Amino acid sequence: MSIKDWPEGERPREKLLALGAEVLSDAELLAIFLRVGVQGRSAVDLARDLLLEFGGLRQLLEAERERFCAARGMGDAKYVQLQATLELSRRHLASQLARGEALTSPTLVRAYLSSQLRHLGHEEFAALFLDTQHRVIRYESLFRGTLDSASVYPREVARRALELGAGALILAHNHPSGVAEPSDADRRITDRLCEALGLFEIRVLDHFVVGDGEVVSFAERGWL
């Protein structure tokens with residue numbers, strides 16, 4: 001049965017307009033992106049098939065181009081459309097952390113850092129540089145590591161903070177394994193960074209560890 005033949009309240013587009021996007025399932029949201037199904041399968045059926053094939057929404061959205069395009073109902077046009085959509089989402093979050101604006105939403109910061117780091121297949125260490133009023137100066141990726149480690153040099157972080165005139169930092173890095181729980185090494189390097197930056201009266205406000213669907217805050221754990 002075509003989606004056009006479904007009751008109006010069950011059609012993904014009409015459901016979104018009536019109730020909002022947040023009430024839709026992953027399959028329903030993906031069906032709106034797909035727009036049409038394939039022979040014998042509605043867009044929602046195809047969406048469910050894809051989520052099952054890839055193992056979930058995140059795995060589908062972050063799939064390599066070759067695998068994505070090889071899936072039924074996909075192709076280069078859908079891949080390009082998806083990449084543009086994901087980049088729009090990242091830029092939208094970035095625009096909400098515009099230079100010169102004070103940070104007022106920890107949830108927004110968490111979402112932004114997750115959008116920058118969660119999809120990476122390697123470990124990356126980054127910082128959100130802030131002025132003394134906690135207004136955003138800029139976000140920068142500072143160090144890139146292997147799948148299980150990254151070399152972080154406190155002297156280089158301090159040097160960059162001074163160059164930008166930062167008065168505070170929010171640190172972040174990802175765990176490609178998907179497990180956001182901070183390691184002992186994460187805690188040690190955070191202590192070293194706090195000590196090095198403290199020499200220049202630059203505060204570390206938080207350190208976020210980004211995993212698959214979870215972001216752990218050092219400040220919330222009472223470690224800063």
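Just so it is clear: in the sequence shown, position 169 is 169 by the UniProt record's numbering, and no numbers are missing. For every residue, glycine included, the Cβ atom is placed at its ideal position computed from N, Cα and C. Note that the structure is predicted; figures quoted are calculated from it, not measured.
Rounded Cβ spacing between residue i and residue j (contact assumed at less than 8 Å)
i           : j           : result
residue 157 : residue 193 : 6 Å
residue 214 : residue 174 : Actually they do not touch by this definition, with Cβ atoms about 11 Å apart.
residue 172 : residue 216 : Actually they are not in contact, since the Cβ atoms of residue 172 and residue 216 sit about 10 Å apart, beyond 8 Å.
residue 108 : residue 96  : 6 Å
Closest Cα partner of residue i within the set the options
i           : options               : result
residue 248 : 16, 186, 206 and 119  : A question about residue 248 goes unanswered here, because the residues of the chain that appear run from 1 up to 224.
residue 112 : 176, 11, 86 and 191   : 86
residue 45  : 26, 59 and 61         : 26
residue 169 : 151, 35, 195 and 95   : 195
residue 205 : 83, 211 and 191       : 191
residue 162 : 184, 125, 200 and 172 : 200
residue 220 : 72, 142, 182 and 198  : 182
residue 39  : 72, 15, 24 and 55     : 72
residue 207 : 69, 126, 159 and 75   : 126
residue 222 : 187, 198 and 47       : 187
residue 203 : 224, 54, 62 and 185   : 224
residue 184 : 110, 41 and 218       : 218
residue 117 : 18, 180, 159 and 70   : 180
Neighbourhood of residue i by C-beta, 7 Å cutoff - its chain only, sequence neighbours within 5 removed
i           : result
residue 13  : 32
residue 122 : 144, 145, 146, 147 and 176
residue 36  : 43
residue 189 : 152
residue 74  : 68
Cut-off 8 Å between Cβ atoms - residues of its own chain near residue i, not counting five sequence neighbours on either side
i           : result
residue 21  : 29
residue 151 : 143 and 145
residue 155 : 196
residue 93  : 108, 111, 112 and 115
CB of residue i within 8 Å of CB of residue j, strictly
i           : j           : result
residue 128 : residue 139 : yes
residue 50  : residue 60  : yes
residue 24  : residue 34  : no
residue 89  : residue 115 : yes
residue 178 : residue 212 : yes
residue 54  : residue 47  : no
Own chain, CB closer than 6 Å to residue i, minus 5 neighbours either side, in chain order
i           : result
residue 65  : 79
residue 132 : 167
residue 141 : 124 and 126
Along the chain, which unbroken stretches of the alpha helix (DSSP H) at least 4 residues long are found entirely within the region 33-62?
43-54 and 57-61
I'd like the ranges of any beta strand (DSSP E) spanning at least 3 consecutive residues and lying wholly in the UniProt domain "MPN" (102-224).
124-130, 136-144, 168-174, 203-210 and 215-217
Which runs of the alpha helix (DSSP H) fall wholly inside the region 60-85 and span at least 4 residues, in chain order?
65-70
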